[in-house]
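In mature numbering (1 follows the signal peptide of the UniProt record, and there is no 0), the protein residues as written are -28 to -1, 1 to 332. Every residue, glycine too, gets a C-beta built ideally from N, C-alpha and C.
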């Protein structure tokens, strides 16, 4: 708990620093490698072998969401590695921001989860080039305060639009998670095939949810503070929001068995085309986070899975069960996988979500 508290405090401070200067390097360490990442992932327990080999952690810079990161890099911000998620990789690649990875330099590449590696145009393209090393995966799911809300009242994701929860709701300021929620709520499991009518239904649902939203959270620190501080009782949040809230002594629970299900995403690392640092150190970092031992930290402390199947197999079965990874197949049939969507649909989602948040 102390470790998590320290990390939350550090993350909050770094998020404020980034807001003051969008391109600021929040944690300056090894100047030969810059990792552009979500706040919190600078935790040295994710990359001990990098420190062991190079004497220090990389330098980290942070972003709040992938669209923000995309615009910063496209505008000239320089980093070596980035940490996008599945739904953004195609966009970053097509914009010319990335260079291919060399799998022969990544220890454990062949141990990466076959199901994740089979996702079309994600880790590799049809020409055989590798662009993305999957690393962390998890869920966006209904999360609630059990002392304030009865489980039967949140059996459906439609609860987010129920007027009785007005002012008690938070969802992410993140277009992908928002439309994942809306897609599930209207009964759509494969958003890559979303029709114009389904897009309208999903957007209309988000407009109803907006009426209940007290605050749109921007990162885990934000949503944990909202839940732990009693400002909201119902959230659409990532796995670690529950883990960290419970560690803080707050009765927060994730409900994976809603009628409509949950959303599953996978994130990982890419190598930027104009990486200014030491490419060998970039591969040192990829090997460090892909080490099977890292799975124990991801699962226990964050509630996430590691894409390295060998790593997941080495996690204590009791911990896997506690975090919901002992029988992944039991909720696969009610999962929306956040696979890449067509570029034109993604642009529509971005534009519409901005209108919704503005009250239109």
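Proximity winner among 227, 12, 191, 193, relative to residue 206 (alpha-carbon distances): Mapped onto the chain shown, residue 206 falls at position 234. When each option's Cα is compared against that of residue 206, the closest is 227.
Rounded straight-line distance, which links the Cα of residue 176 to that of residue 184: Taking the first residue of the chain shown as 1, we reach residue 184 at position 212. Taking the first residue of the chain shown as 1, we reach residue 176 at position 204. The straight-line gap separating the alpha-carbon atoms of residue 184 and residue 176 is approximately 14 Å.
contact_flag[the segment 144 to 154, the segment 163 to 175] where n(CB pairs < 8 Å) is 3 or more: The answer is yes - the segment 163 to 175 touches the segment 144 to 154, with three or more Cβ pairs under 8 Å.
Cβ-based neighbour list, residue 325, same chain, cut-off 6 Å, excluding 5 preceding and 5 following: Here residue 325 is taken as the residue at index 353 of the chain shown, counted from 1. Closer than 6 Å at the Cβ level, and outside the excluded window around residue 325, lie 147, 150.
Residue 225 in three-state terms, based on DSSP: Numbered from its first residue, the chain shown carries residue 225 at position 253. In the structure shown, residue 225 adopts extended strand secondary structure according to DSSP, grouped into three states.
Proximity winner among 194, 54, 237, relative to residue 109 (alpha-carbon distances): The count along the chain shown starts at 1 and reaches residue 109 at position 137. Nearest of 194, 54, 237 to residue 109, Cα basis: 237.
Residue nearest to residue 165 in terms of C-alpha spacing, selected from 311, 322, 118, 329: Here residue 165 refers to the residue found at position 193 when the chain shown is read from its first residue. Residue 311 is the option with its Cα nearest to residue 165.
Terminal residues of the alpha helix (DSSP H) in which residue 149 lies: Numbered from its first residue, the chain shown carries residue 149 at position 177. Where residue 149 is concerned, the enclosing alpha helix (DSSP H) stretches over 147 to 157.
Residues bridged to residue 208 [DSSP beta-bridge criterion]: Locating residue 208 in the chain shown gives position 236, where the first residue counts as 1. Residue pairing by DSSP places residue 208 opposite 114, 143 in a beta bridge.
Identity of the residue in 268, 61, 280, 138 nearest residue 181 by Cα: Position 209 of the chain shown holds residue 181. Of the listed residues, the one whose Cα sits closest to residue 181 is 138.
Residue 322 classed as buried or exposed, judged by whether at least 16 other C-beta atoms fall within 10 angstroms: Translated into the one-based positions of the chain shown, residue 322 becomes position 350. Classification for residue 322: exposed.
Residues of its chain near residue 60, where Cβ-Cβ distance is below 6 Å and the 5 sequence neighbours each way are ignored: For the purposes of this step, residue 60 is taken as residue 88 along the chain shown, with counting starting at 1. 38, listed in sequence order.
Residue 322, DSSP secondary structure in three states: Residue 322 sits at position 350 when you count from the first residue of the chain shown. The answer is helix: DSSP assigns residue 322 an H, G or I state.
Rounded C-alpha distance that separates residue 316 from residue 276: For the purposes of this step, residue 316 is taken as the residue at position 344 of the chain shown. For the purposes of this step, residue 276 is taken as the residue at position 304 of the chain shown. Pairing residue 316 with residue 276, the inter-Cα distance amounts to about 30 Å.
Counted within 10 angstroms of its Cβ, other Cβ atoms place residue 9 as buried (16 or more) or exposed: By 1-based counting over the chain shown, the position of residue 9 is 37. It is buried - the Cβ of residue 9 has at least 16 other Cβ atoms within 10 Å.
Unbroken beta strand (DSSP E) run spanning residue 238, endpoints: Translated into the one-based positions of the chain shown, residue 238 becomes position 266. Segment 234 to 244, the beta strand (DSSP E) holding residue 238.
Contact between the segment 211 to 224 and the segment 280 to 291 (3+ Cβ pairs under 8 Å): Under the three-pair Cβ rule at 8 Å, the segment 211 to 224 does not count as touching the segment 280 to 291.
Limits of the unbroken beta strand (DSSP E) element including residue 132: As a position in the chain shown, residue 132 is number 160, starting the count at 1. Element bounds for residue 132: n/a, residue is neither H nor E.
Three-way DSSP call (helix, strand, coil) for residue 287 in this model: The count along the chain shown starts at 1 and reaches residue 287 at position 315. In the structure shown, residue 287 sits in coil (DSSP, three-state: anything other than H, G, I, E or B).
Inter-residue Cα distance where the pair is residue 197 and residue 63: Stepping through the chain shown from its first residue, residue 197 is reached at position 225. Stepping through the chain shown from its first residue, residue 63 is reached at position 91. C-alpha separation (whole angstroms): 32 Å.
Identified DSSP bridge partners for residue 6: Walking along the chain shown from the start, residue 6 turns up at place 34. Note: residue 6 is bridge-paired with 31 in the DSSP secondary-structure output.
Residues bridged to residue 308 (per DSSP): Numbered from 1 along the chain shown, position 336 holds the residue referred to as residue 308. Answer is 235, bridged to residue 308.
Rounded separation between residue 260 and residue 22 - CA only: For this step, residue 260 is matched to residue 288 along the chain shown. For this step, residue 22 is matched to residue 50 along the chain shown. Answer to the nearest angstrom: the Cα atoms are 6 Å apart.
Outcome for residue 295 when other beta-carbon atoms lying within 10 angstroms are tallied against a minimum of 16: Against the chain shown, residue 295 aligns to sequence position 323. Residue 295 should be labelled buried.
For residue 42, the first and last residue of its enclosing alpha helix (DSSP H): Locating residue 42 in the chain shown gives position 70, counting from the first residue. Element bounds for residue 42: 38 to 46.
Same chain, Cβ closer than 7 Å to residue 25, neighbours up to 5 away in sequence not counted: Counting from one through the chain shown, the residue named residue 25 turns up at place 53. When the five nearest sequence neighbours on each side are left out, the beta carbons in the same chain lying within less than 7 Å of the beta carbon of residue 25 are those of 256, in order along the chain.
Assigned secondary structure, residue 166 (DSSP; H/G/I helix, E/B strand, else coil): Position 194 of the chain shown, counted from the start, is the residue given in the question as residue 166. Here residue 166 sits in coil by DSSP.
Distance between residue 191 and residue 4 (C-alpha atoms, nearest Å): Counting from 1 along the chain shown, the entry for residue 4 is found at position 32. Counting from 1 along the chain shown, the entry for residue 191 is found at position 219. Put simply, the backbone Cα of residue 4 is about 27 Å away from that of residue 191.
Any non-hydrogen atom of the ligand SAM within 6 Å of residue 231 CB: With respect to the ligand SAM, the structure shown offers nothing to examine, as it has no ligands at all.
Counterpart residues of residue 105 in DSSP-defined beta bridges: The count along the chain shown starts at 1 and reaches residue 105 at position 133. The partner list for residue 105 (beta bridge, DSSP) reads 241.
Cβ contact (3+ pairs, closer than 8 Å) linking the segment 240 to 249 and the segment 65 to 74: Yes, they touch.
Rounded straight-line distance, which links the Cα of residue 34 to that of residue -6: Residue numbering aside, residue -6 sits at position 23 when the chain shown is read from its first letter. Residue numbering aside, residue 34 sits at position 62 when the chain shown is read from its first letter. With a pLDDT of only 42 at residue -6, under 50, the local geometry of the prediction cannot be trusted, and no value is derived from it.
Simplified DSSP assignment, three categories, for residue 259: As a working mapping, residue 259 is identified with position 287 in the chain shown. Correct three-state label for residue 259: helix.
Within 7 Å, strictly: CB atoms of residue 258 and residue 105: The residue given as residue 258 occupies position 286 in the chain shown. The residue given as residue 105 occupies position 133 in the chain shown. Yes, they are a contact pair.
Proximity of residue 231 and residue 113 at Cβ, strictly below 7 Å: Reading the chain shown from its first residue, position 259 is the one you call residue 231. Reading the chain shown from its first residue, position 141 is the one you call residue 113. Their beta carbons are not under 7 Å apart, which means residue 231 does not touch residue 113 by this criterion.
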